[in-house]
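First residue of the sequence shown: 1294, per the working numbering; consecutive thereafter.
Beta carbons: idealized from backbone N, C-alpha and C, even for Gly.
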Amino acid sequence: MLPVDSPRGVGDAEFVQSFDALRIHGQDASADARLVRLSRDDLSPGDVVIRVAWSGINYKDALAATGKGRILRRFPLVGGVDLAGLVVESTHADVPVGARVVVTGCGLSETRDGGYAEFARVPADAVVPLPASLDLRAAAAIGTAGFAAALAVHRLEHNGLATGQGPVIVTGATGGVGSIAIDMLARRGHEVVAVTGKTATAGAYLRELGAARVVSREELGLSDRALEPARWAGAVDNLGGAMLSWLLRSCQPWGSVASVGLAAGSDLSTSVMPFILRGVNLLGVNSSATLREPRLALWKRIGSDLAPRHLDRIVTDVVSLQELPGAFARFIEGSNTGRTLVRISGET
Ligand SMILES: NC(=O)c1ccc[n+]([C@@H]2O[C@H](COP(=O)([O-])OP(=O)(O)OC[C@H]3O[C@@H](n4cnc5c(N)ncnc54)[C@H](OP(=O)(O)O)[C@@H]3O)[C@@H](O)[C@H]2O)c1
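Next up, the structure:
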């Protein structure tokens, strides 16, 4: 084990030797994610070195590793848009050696090496100290998906959503963002309607997380009228495309729709009717580029009033770095349920 409490960190010790990483080479048809051995000089620069305990699989990770989406902006890069681990080396006074930290977004697996490696080197301003109530495994289980869910809930409530106004709908409900959004919204006292393509298999799961009702995408009967009956006090959308357009048209007056994802498409076709006749808000969610101050504040909330209550249920799989390449396909197919953790050192 590495000497995390060593006054000089581990800079001259084991870290200089080689370590395992899942590195992505190329994109589109030539994308190739494979296990390699790296050394410290291979990692992108930064003032903090983290021994990675856990990472996770997000839809974006699957897009990057399979080449189905253009996520990486340079090659090769270690994959993994989030990580949780222990600081083993730091040149920044605010980030002490031995700190337990989480990093989500901030260019991981986009412009700099990510969490699918035994070590990561990142800039200090990307590093978030763990709230006392979360251990490293829980922080990774929340990860980018949970941070995006928290940002969506925060933005909905900040724009007026309160309990008792009516149902809040969550699409892509069985995914990582959807599952954690349901948990957080239910914990906040909202009546949650979960929309899924997996009603046959996932109804019990979604109710356990706190959904009051589970409906299939087909059941919603998406039409193309300029306005639908006003049903939702709020919405968290992970799909984009026709679903996002329909959510805007079926939102209550002064209600809000948080646009988080594009699992079904990146297009948005809408008239201005939801906005000028009902005062509906369309709220953007960008977890990766959230500024430092709100990022820290939101992680504090994730450790307190937004803390998911069913993380053990939401984590449906744990894979090793070696098993990771085989785990991406189900995210692309949309057959995934909940969060998949990637065990690196496995410390908690
Ligand atoms: N804006 C941000 O900061 C941010 C952060 C994280 C994630 N995201 C985005 O949010 C979305 C969800 O992310 P995630 O990590 O939760 O992904 P995920 O775990 O792969 O879940 C996505 C879910 O969407 C549904 N789905 C998948 N493919 C679909 C399709 N073709 N048509 C309709 N539904 C489909 C499925 O749920 P059901 O079967 O239950 O419908 C699936 O489980 C992704 O688009 C991701 O890129 C954005």
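By the neighbour-count definition (other C-beta atoms within 10 Å, threshold 16), P1601 is a buried residue.
Distance between S1538 and I1343, taken at the CA atoms: about 42 Å. If you check the CB distance, S1337 and D1406 come in under 8 Å. Within 10 angstroms of the beta-carbon of R1518 lie fewer than 16 other beta-carbons, which makes it exposed.
Residues with their Cβ less than 6 Å from any non-hydrogen atom of ligand 1, running along the chain, are N1351, Y1352, K1353, T1437, A1438, A1441, G1465, A1466, T1467, G1468, G1469, V1470, G1471, T1489, G1490, K1491, N1531, L1532, V1553, G1554, L1555, A1556, A1557, V1578, N1579, S1580, S1581, F1624, G1627, N1629. Residue pairing from DSSP places N1574 in a beta bridge opposite S1549.
It is roughly 10 Å from the alpha-carbon of V1381 to the alpha-carbon of A1413. In the same chain as G1596, and ignoring 5 residues on each side of it, the C-beta atoms closer than 8 Å to its own belong to L1423, P1424, A1425, S1426, L1427, in chain order.
Counting along the chain, H1318 sits inside the beta strand (DSSP E) bounded by residues 1312 to 1318. Between the alpha carbons of A1535 and V1507 lies a gap of roughly 19 Å.
Secondary-structure assignment with DSSP links F1412 through a beta bridge to R1344. Counting of Cβ neighbours within 10 angstroms places A1466 among the buried residues, the total reaching 16 or more. Look at I1462 here: in three-state DSSP terms it is strand. Under the three-state reduction of DSSP, E1484 is assigned to coil, being neither helix nor strand. Boundaries for V1446: no beta strand (DSSP E) harbours it, while the alpha helix (DSSP H) harbouring it runs 1429 to 1451, taken from the DSSP string.
Counting C-beta atoms within 10 angstroms of its own C-beta, Q1615 has fewer than 16 neighbours from the protein chains shown and is therefore classed as exposed. A contact between stretches requires three or more CB pairs, one per stretch, nearer than 8 Å, and the region 1537 to 1553 meets this requirement with the region 1563 to 1578. Counted as a single uninterrupted DSSP element, the stretch harbouring L1634 is not any alpha helix (DSSP H) but the beta strand (DSSP E) occupying residues 1632 to 1636.
Listed in chain order, the non-local C-beta contacts of L1454 below 8 Å within the same chain comprise V1461, H1483, A1526, G1527, G1548, S1549, local neighbours out to five positions each way being set aside. Distances from the alpha-carbon of E1450 to those of A1358, L1576, F1312 put L1576 closest. Per DSSP, the beta-bridge partners of D1325 are H1318. In the three-state DSSP reduction, L1331 falls in the strand class (E or B).
Counting every other CB atom within 10 Å of its CB across the protein chains shown gives G1619 a total below 16, marking it as exposed. In the structure shown, L1379 falls within a strand segment according to DSSP collapsed to helix, strand and coil. Annotation: the continuous beta strand (DSSP E) that includes R1393 extends over 1393 to 1397. Burial check for E1511: the Cβ neighbour count within 10 Å stays below 16, so the residue is exposed. The DSSP assignment places complete beta strand (DSSP E) segments of no fewer than 3 residues inside the region 1495 to 1532 at 1506 to 1509, 1525 to 1530, in order along the chain. Apart from sequence neighbours up to five positions away, the residues of its chain that approach N1629 with a beta-carbon distance below 6 Å are R1623, ordered along the chain.
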